[in-house]
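Take a look at the structure set out below.
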Amino acid sequence: MSKGFPETRTDAAMSELVPEPRPKPAVPMKPVSINSNLLGYIGIDTIIEQMRKKTMKTGFDFNIMVVGQSGLGKSTLVNTLFKSQVSRKASSWNREEKIPKTVEIKAIGHVIEEGGVKMKLTVIDTPGFGDQINNENCWEPIEKYINEQYEKFLKEEVNIARKKRIPDTRVHCCLYFISPTGHSLRPLDLEFMKHLSKVVNIIPVIAKADTMTLEEKSEFKQRQESMPFAVVGSDKEYQVNGKRVLGRKTPWGIIEVENLNHCEFALLRDFVIRTHLQDLKEVTHNIHYETYRAKRLNDNGGLPPVSVDTEESHDSNP
Amino acid sequence: TASGAMDKEYVGFAALPNQLHRKSVKKGFDFTLMVAGESGLGKSTLINSLFLTNLYEDRQVPEASARLTQTLTIERRGVEIEEGGIKVKLTLVDTPGFGDSVDCSDCWLPVVRFIEEQFEQYLRDESGLNRKNIQDSRVHCCLYFISPFGRGLRPLDVAFLRAVHEKVNIVPVIGKADALMPKETQALKQKIRDQLKEEGINIYQFPECDSDEDEDFKRQDAEMKESIPFAVVGSCEVVRDGGTRPVRGRRYSWGTVEVENPHHCDFLNLRRMLVQTHLQDLKEVTHDVLYEGYRARCLQSLARPGARERASRSKLSRQSATEIPLPMLPLAETEKLIREKDEELRRMQEMLEKMQAQMQQSQAQGEQSDAL
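Here the protein sequences come in this chain order: C and P. All residue numbers for the first sequence refer to our numbering, where the first residue is 151 and numbers rise by one. All residue numbers for the second sequence refer to our numbering, where the first residue is 3 and numbers rise by one.
See the structure below:
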């Protein structure tokens with residue numbers, strides 16, 4: 151997990167390292183040491199514990215973006231993922247909000263806590279994407295937003311007087327919602343992924359997958375290279391076999407969100423939150439951000455952009 | 003006698019409906035149904051379910067990369083269905099490619115043009131010389147599929163419906179309705195109804211039932227009307243869950259949606275209203291209202307000054323026929339028909355002369371015998 155750090159790694163990124171939580175050893179183990187000069191236990195291995203404690207105190211940032219046509223269940227899914235009302239969503243169906251004429255970017259931040267660990271979660275919604283009659287280039291505002299966050303981070307990095315912990319507003323993960331039409335990806339989906347996979351981690355998700363039978367799901371996936379998660383989201387609970395479960399109740403049965411026989415929500419949740427949260431952040435920093443930074447340095451003739459006081463760096467922004 | 007008196011008053015035209023019925027059974031029944039909406043909403047499956055056919059068996063759905071450059075096409079498929087001695091020649095009009103592109107601006111224009119071309123053809127046939135075998139290829143009904151995943155009508159839906167609502171009977175349906183829980187279905191239907199009203203879109207109005215129908219029927223009729231747009235699920239697969247009877251449906255891990263279960267979806271309602279009760283009315287409204295409207299608009303535009311001049315100048319080109327749709331046939335064909343009519347008249351005249359000659363002969367013979 152700790153391989154390949156570039157030299158320019160900042161303090162901030164360092165403090166955000168969260169190694170897998172390990173049970174604290176009851177008694178420090180005597181190390182089987184190659185260096186036989188060590189006569190006693192030093193206690194270096196507690197460094198992991200110290201890092202963990204620090205992280206728990208400072209907490210960490212995670213920014214997740216959702217993209218897809220309106221009505222695909224984006225907000226519900228994010229709320230289900232984080233088990234809180236972290237995404238803007240109308241409580242009732244009769245949503246009076248009109249579909250915006252252009253794509254808007256709306257970011258909402260929440261602090262959620264679990265097991266003493268604080269996470270500052272920001273959900274970035276993109277209403278208006280794919281909803282118009284002419285959706286040509288509707289991904290451009292999204293690409294622009296993502297690059298703006300890289301620019302912000304870059305400016306902080308090259309500052310003379312740097313903050314101890316640079317606020318990280320970069321998009322770590324983009325959930326792209328595919329309509330469950332059962333045929334294949336639509337032209338708009340292809341266009342989006344072609345343009346945006348270069349700048350952000352995209353996780354394709356088949357939303358509202360409760361209309362796809364098992365055969366249809368496997369057929370769809372066979373046609374794609376990547377494996378989209380077929381998910382169902384819900385914030386309502388029902389009683390099933392004596393347990394309260396999150397689900398959707400229909401006249402022909404109850405769809406359980408966290409039942410792997412019903413949909414892949416649990417897989418998505420485990421992937422994004424439980425196993426790959428840190429990976430997503432690292433790839434964002436080590437690959438996508440570095441690509442952006444390299445490009446900016448090249449544009450500037452190999453020199454880092456001047457600090458935020460002057461407007462030069464703004465102009466050279468593509 | 004009493005029956006004798008009855009016979010005197012009984013004219014017998016009450017048997018006319020039977021005569022018409024026998025005639026139409028002999029003649030057969032034509033119906034053209036258009037299905038429209040973005041791809042993946044279950045249109046083909048629903049048509050196959052409605053008419054118990056496999057019209058779309060050989061269909062190839064193109065990959066997304068192929069669809070990047072696809073334009074909208076109009077496809078026609080015909081099928082003859084026979085049931086209870088009645089033959090129906092059903093023509094299905096498909097609009098593959100609709101709503102697929104990244105830029106769907108004006109993608110409904112080919113559809114509008116297609117509908118108008120059928121009207122134009124009928125107008126020409128109707129005004130022509132040979133009216134014996136007019137083929138009615140006009141679109142009698144358009145089933146428009148709305149996505150269950152949106153929040154009502156999308157901008158593209160509104161644009162399409164506004165472009166065609168005065169030219170074809172629109173029956174809106176919500177496709178793949180098993181995506182929705184009952185409350186969501188109700189809310190979506192209400193939203194769509196509100197939007198249709200707001201945008202001034204006229205959908206096909208199912209006629210009021212007769213006042214002499216019984217209360218049960220009236221209630222059923224009202225219920226059906228309230229469930230518009232119909233939330234439908236289609237399937238051509240029969241699910242056999244051990245123990246229960248086989249049903250047409252879709253099997254999920256959490257249960258099976260039954261297509262013909264009124265608690266699961268409105269498929270039965272749609273079939274009843276569209277096929278079992280209103281097929282004829284849809285044809286009549288198409289002819290009496292929509293076609294007449296088209297015809298009146300055309301002829302009025304002719305009455306405008308300068309229109310006649312343009313018409314005479316560009317008689318033969320099909321292009322002008324679209325702008326000023328006079329039912330102008332090419333000269334050669336007109337002359338041919340005139341010749342045919344002349345032939346007929348000549349034959350009839352010959353027959354008449356023969357008959358006259360015969361009469362004269364028999365008269366003469368009669369005189370002879372009288373004289374004898």
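By construction, the Cβ of each residue, glycine as well, lies at the ideal position given by its N, Cα and C atoms.
- Nearest C-alpha to P/Gly-295 among P/Met-183, P/Arg-221, P/Ile-136 and P/Glu-168: P/Glu-168.
- For the pair of segments examined, the segment 179-187 of chain P was found not to touch the segment 118-127 of chain P: the number of CB pairs separated by less than 8 Å stays below three.
- In the DSSP annotation of this structure, the continuous segment of the beta strand (DSSP E) that includes P/Arg-250 starts and ends at 249-254.
- Proximity of chain P to C/Asn-284 at the Cβ level (cut-off 7 Å) is accounted for by Asp-105, Cys-106 and Ser-107, in chain order.
- Here the alpha carbons of P/Glu-210 and P/Val-287 stand approximately 14 Å from one another.
- Note that the C-beta distance between P/Thr-75 and P/Thr-34 is not below 8 Å.
- For C/His-435, no CB of chain P lies under 8 Å from its own CB, so it is not counted at the interface with that chain.
- Residues of the segment 317-342 of chain C whose Cβ lies closer than 9 Å to any Cβ of chain P, in chain order: Ser-329, Pro-330, Thr-331, Gly-332, His-333, Ser-334, Leu-335, Arg-336, Pro-337, Leu-338, Asp-339, Leu-340 and Glu-341.
- Near chain P, meaning a CB-to-CB distance below 8 Å, the residues of the segment 341-360 of chain C are Glu-341, Ala-357, Lys-358 and Asp-360.
- As the crow flies, the alpha-carbon of C/Thr-226 is around 8 Å from that of C/Ser-237.
- The way I'd put it, the segment 437-445 of chain C does touch the segment 300-309 of chain C; three or more beta-carbon pairs between them come closer than 8 Å.
- Contacts between C/His-412 and chain P, judged by CB atoms closer than 7 Å, involve Ser-255 and Trp-256 in chain order.
- Note on P/Pro-231: 16 or more other CB atoms within 10 angstroms of its CB, so buried under the neighbour-count rule.
- For C/Lys-371, not one C-beta of chain P is nearer than 8 Å to its own C-beta.
- Under DSSP, P/Ala-233 shares a beta bridge with P/Ile-176.
- Secondary structure within the segment 275-341 of chain C: the beta strand (DSSP E) runs of 3 or more consecutive residues, fully enclosed, are 323-328 (chain order).
- P/Lys-91 is not a Cβ neighbour of P/Arg-153, given a cutoff of 8 Å.
- With a cut-off of 8 Å on Cβ pairs, the segment 133-151 of chain P is in contact with the segment 34-50 of chain P, counting three or more such pairs.
- In its chain, beyond the 5 residues on either side, Gly-44, Thr-47, Leu-48 and Ser-51 have a beta carbon closer than 6 Å to the beta carbon of P/Gly-236.
- Contact note: P/Leu-301 does not reach chain C at a C-beta cutoff of 9 Å; the least C-beta distance is about 34 Å.
- The count of Cβ pairs closer than 8 Å, one atom from the segment 305-319 of chain C and one from the segment 353-367 of chain C, stays below three, leaving the stretches out of contact.
- Sequence-ordered contacts of the segment 210-233 of chain P with chain C are nonexistent [C-beta pairs closer than 8 Å].
- Close CB contacts of C/Ile-356 within its chain, under the 6 Å cut and outside five residues either way in sequence, are with Ile-328, Pro-330, Pro-378 and Ala-380 (chain order).
- C/Gly-259 and C/Val-228 have their C-alpha atoms some 13 Å from each other.
- Burial check for P/Tyr-293: the Cβ neighbour count within 10 Å reaches 16 or more, so the residue is buried.
- From the beta-carbon of P/Val-259, the residues of chain C found nearer than 7 Å are Trp-402.
- Among the CB atoms of chain P, none fall inside 8 Å of the CB of C/Thr-252.
- Taking the CA atoms as reference points, P/Pro-19 sits about 17 Å from P/Gly-87.
- In the structure shown, the three-state DSSP call for C/Arg-398 is strand.
- Between C/Gly-392 and chain P, the shortest Cβ-Cβ separation is not below 8 Å.
- Judged by DSSP in its simplified three-state form, P/Ala-298 adopts helix.
- For C/Asn-213, the enclosing beta strand (DSSP E) begins and ends at 210-217.
- Check the Cα spacing between C/Asp-281 and each of C/Arg-320, C/Ile-249 and C/Met-269: the tightest is with C/Ile-249.
- Counting only unbroken stretches of 3 or more residues, the beta strand (DSSP E) elements lying wholly within the segment 142-196 of chain P are 143-148 and 172-176, in sequence order.
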